[in-house]
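As they're listed, the protein sequences go chains H and D. Per the working numbering, residue 15 is the first one in the first sequence, and the count goes up by one each step. Per the working numbering, residue 15 is the first one in the second sequence, and the count goes up by one each step. We put the CB at the ideal spot given by N, CA and C, even for glycine. What follows is a short report on a single structure.
2 protein chains.
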Amino acid sequence: MKLNERGLLVVLSGPSGVGKGTVRKALFKTEKQKFTFSVSMTTREKRPGEVEGKDYYFVSREYFEKKIQEGGFLEYTYFCGNYYGTPLDKVEEALNSGKELILEIEVNGCRQVKEKMMDAVTIFIVPPTKETLYERLKKRGTESQYQIEERIKKANSEFGLAYQYDYIVVNDTVDNAADRIKAIIRAEHAKTQRSIYKYYEIVGDLENDNQ
Amino acid sequence: MKLNERGLLVVLSGPSGVGKGTVRKALFKTEKQKFTFSVSMTTREKRPGEVEGKDYYFVSREYFEKKIQEGGFLEYTYFCGNYYGTPLDKVEEALNSGKELILEIEVNGCRQVKEKMMDAVTIFIVPPTKETLYERLKKRGTESQYQIEERIKKANSEFGLAYQYDYIVVNDTVDNAADRIKAIIRAEHAKTQRSIYKYYEIVGDLENDNQ
Numbered sequence: 015m016k017l018n019e020r021g022l023l024v025v026l027s028g029p030s031g032v033g034k035g036t037v038r039k040a041l042f043k044t045e046k047q048k049f050t051f052s053v054s055m056t057t058r059e060k061r062p063g064e065v066e067g068k069d070y071y072f073v074s075r076e077y078f079e080k081k082i083q084e085g086g087f088l089e090y091t092y093f094c095g096n097y098y099g100t101p102l103d104k105v106e107e108a109l110n111s112g113k114e115l116i117l118e119i120e121v122n123g124c125r126q127v128k129e130k131m132m133d134a135v136t137i138f139i140v141p142p143t144k145e146t147l148y149e150r151l152k153k154r155g156t157e158s159q160y161q162i163e164e165r166i167k168k169a170n171s172e173f174g175l176a177y178q179y180d181y182i183v184v185n186d187t188v189d190n191a192a193d194r195i196k197a198i199i200r201a202e203h204a205k206t207q208r209s210i211y212k213y214y215e216i217v218g219d220l221e222n223d224n225q
Numbered sequence: 015m016k017l018n019e020r021g022l023l024v025v026l027s028g029p030s031g032v033g034k035g036t037v038r039k040a041l042f043k044t045e046k047q048k049f050t051f052s053v054s055m056t057t058r059e060k061r062p063g064e065v066e067g068k069d070y071y072f073v074s075r076e077y078f079e080k081k082i083q084e085g086g087f088l089e090y091t092y093f094c095g096n097y098y099g100t101p102l103d104k105v106e107e108a109l110n111s112g113k114e115l116i117l118e119i120e121v122n123g124c125r126q127v128k129e130k131m132m133d134a135v136t137i138f139i140v141p142p143t144k145e146t147l148y149e150r151l152k153k154r155g156t157e158s159q160y161q162i163e164e165r166i167k168k169a170n171s172e173f174g175l176a177y178q179y180d181y182i183v184v185n186d187t188v189d190n191a192a193d194r195i196k197a198i199i200r201a202e203h204a205k206t207q208r209s210i211y212k213y214y215e216i217v218g219d220l221e222n223d224n225q
């Protein structure tokens, strides 16, 4: 029995190249816990094969900007002439259905999420050593030495934002990292601040019920 | 790899009859995580067969009271003419060796522990329903109806202190409860406030190391 039936908003982030996407995929393979993700909203054109409500919610710029003004996004960004955002109402819907909502965000998006949703659980994924990450960034493509150095610089600056997150999870192996995240989610559900009201529902009338 | 190599002080408590002892025993059977316990210090007489440093540390009243004055106990109590306490230095020793130290305490001892050791992880074990606990208390012995009612009254008053604890764990089955506690311990090790210094040791010189 879980004391708290509402799902958790779990935010995954970490420096470029750390393997966030692979860890997320491993999480979704878990049978015991129910994970879901959030479909983003965007103002960019729908591409052939993309499905409304599955790949994105495709909306007009006017609609998106009105929604921003109404505070309707958990987080949003403007990139290459288009908006991308996570609609708050869809997040609430998923959490109220009791599922854990996994959100992968850019390193510097943590504060934006925490401002909107204080009880989000934020996890910063790190490599076991910095050399591991450098190796991964070097192997990733066929870029020039200059591009590789730029990536390493970016990762280095991202490392410094770990302190904004609730948890730091080492990605030594994908399965270990996913197991740590699952443990964090179980523990968060047991936190007194999350479960105390549900707990009082169960035992609340004890004082007058010495049967 | 654990970012934080120091063990955790894990405090288990809960209303009488909830099954704290059984859950603790299940924890100690775990192979992957290393658990230990703390030997208490007492002023009572050694009984035949008891071993110094294994069952208790047996000391004089003068020694114990001096240690109290020096703030040498994590928590202590006076019961039936004798002192019983958990020596702080032994706790530190266990934690520094990297083991998780499990401490079973009375419900109202939580504050005393938190005052001495802010980073203790405190867990309140509860029954799945209040009826479950009543049944257990009734089955426990051959006491009179009056004694059973007194026990239920005591349990009821203890229920109310759950809010002082960090986590509430439901003891629906012993294995489930032990699994929840193990998840809490893993999660606590990943908490940023515990692991950030170790993390900086690993990645600290990144800014100047764009190799």
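Close beta carbons around residue i, own chain, < 7 Å, minus the five adjacent residues each side
{"i": "D:K80", "result": "none"}
{"i": "D:S54", "result": "Y70, Y98, G99 and T100"}
{"i": "D:F11", "result": "Residue 11 of chain D falls outside the range modelled here, since chain D spans only 15 to 225, and no answer is possible."}
{"i": "D:L88", "result": "T100, L102, V105, V127, K130 and M131"}
{"i": "H:T56", "result": "Y70, F72, N96, Y97 and Y98"}
{"i": "H:Q207", "result": "none"}
{"i": "D:P62", "result": "none"}
Closer than 9 Å at the beta carbon, the chain D residues around residue i
{"i": "H:Y179", "result": "T206"}
{"i": "H:R194", "result": "R200, A201, H203 and A204"}
Residue(s) in a DSSP beta bridge with residue i
{"i": "H:G99", "result": "H:M55 and H:Y90"}
{"i": "H:E114", "result": "H:F49"}
{"i": "H:E66", "result": "H:Y70"}
{"i": "D:S27", "result": "D:F138"}
{"i": "D:Y181", "result": "H:K205 and D:I137"}
Within chain D, partners of residue i - CB distance below 7 Å
{"i": "H:A197", "result": "A197, R200 and A201"}
{"i": "H:T143", "result": "I216"}
Chain-ordered chain D contacts of residue i [CB-CB under 8 Å]
{"i": "H:Y213", "result": "V140, A176 and I182"}
{"i": "H:I210", "result": "A176, Y177 and I182"}
Chain-order list of residues whose beta-carbon lies under 6 Å from that of residue i (same chain, five-residue window excluded)
{"i": "D:K205", "result": "none"}
{"i": "H:R194", "result": "V183"}
{"i": "H:P142", "result": "V184 and D186"}
{"i": "H:T136", "result": "V25, C124, Y179 and D180"}
{"i": "H:G112", "result": "E19 and G21"}
{"i": "H:F4", "result": "The requested residue 4 of chain H is not part of the displayed model; chain H covers only 15 to 225."}
{"i": "H:N224", "result": "Residue placement at H:N224 cannot be trusted, given a pLDDT of 42 that sits under 50; what the coordinates show is reported in the next sentence. Around H:N224: no qualifying Cβ."}
{"i": "D:I162", "result": "K152"}
Which listed residue (the options) has its alpha carbon closest to that of residue i
{"i": "D:C124", "options": "D:G35, D:G112, D:Y177 and D:E215", "result": "D:Y177"}
{"i": "H:C94", "options": "H:V121, H:E59 and H:E84", "result": "H:E59"}
{"i": "H:G33", "options": "H:I82, H:E76 and H:L147", "result": "H:L147"}
{"i": "D:I210", "options": "H:Y179, H:E118 and H:H203", "result": "H:Y179"}
{"i": "H:I139", "options": "H:S27, H:G21 and H:Q207", "result": "H:S27"}
{"i": "H:L109", "options": "H:T44, H:V37, H:F51 and H:G21", "result": "H:G21"}
{"i": "H:I216", "options": "D:S158, D:V188, D:E145 and D:E215", "result": "D:E145"}
{"i": "D:K168", "options": "D:Y92, D:E114 and D:V121", "result": "D:V121"}
{"i": "H:Q47", "options": "H:Y214, H:V65 and H:E114", "result": "H:E114"}
{"i": "H:F51", "options": "H:Y214, H:E107, H:Q161 and H:N170", "result": "H:E107"}
{"i": "H:A40", "options": "H:E202, H:I198, H:D189 and H:S158", "result": "H:D189"}
{"i": "H:F42", "options": "H:A192, H:A201, H:H203 and H:A197", "result": "H:A192"}
{"i": "H:I116", "options": "H:G31, H:L151, H:K196 and H:K68", "result": "H:K196"}
{"i": "H:D133", "options": "H:G35, H:G85 and H:E202", "result": "H:E202"}
Where residue i meets chain H, residues with beta-carbon distance less than 8 Å
{"i": "D:R38", "result": "Simply none; closest approach about 17 Å."}
Proximal residues to residue i (C-beta, below 8 Å), its chain only, five neighbours per side dropped
{"i": "H:L220", "result": "Any reading at H:L220 is ruled out, since the residue's pLDDT is 48, under 50, leaving its predicted position unreliable."}
{"i": "H:K153", "result": "none"}
{"i": "D:T91", "result": "Y97, Y98, G99, E120 and G123"}
{"i": "H:L175", "result": "V121, N122, C124 and F138"}
{"i": "D:I199", "result": "L22, V24, Q47, E114 and V135"}
{"i": "D:T44", "result": "A192 and K196"}
Residues that residue i contacts on chain H, provided the C-beta gap is smaller than 7 Å
{"i": "D:S74", "result": "Near D:S74 there are no residues of chain H at all, since even the closest Cβ is about 40 Å away, more than 7 Å."}
The ligand PLP heavy atom lying under 8 Å from the CB of residue i
{"i": "H:E84", "result": "Ligands in the displayed structure: none, and consequently the ligand PLP is not present."}
Practice task
With 9 Å as the C-beta to C-beta threshold (strictly closer), list the residues of the region 160-186 of chain D near chain H in chain order.
Solution key: E163, I166, K167, A169, N170, S171, F173, G174, A176, Y177, Q178, Y179, D180, Y181, I182, V183, V184 and D186
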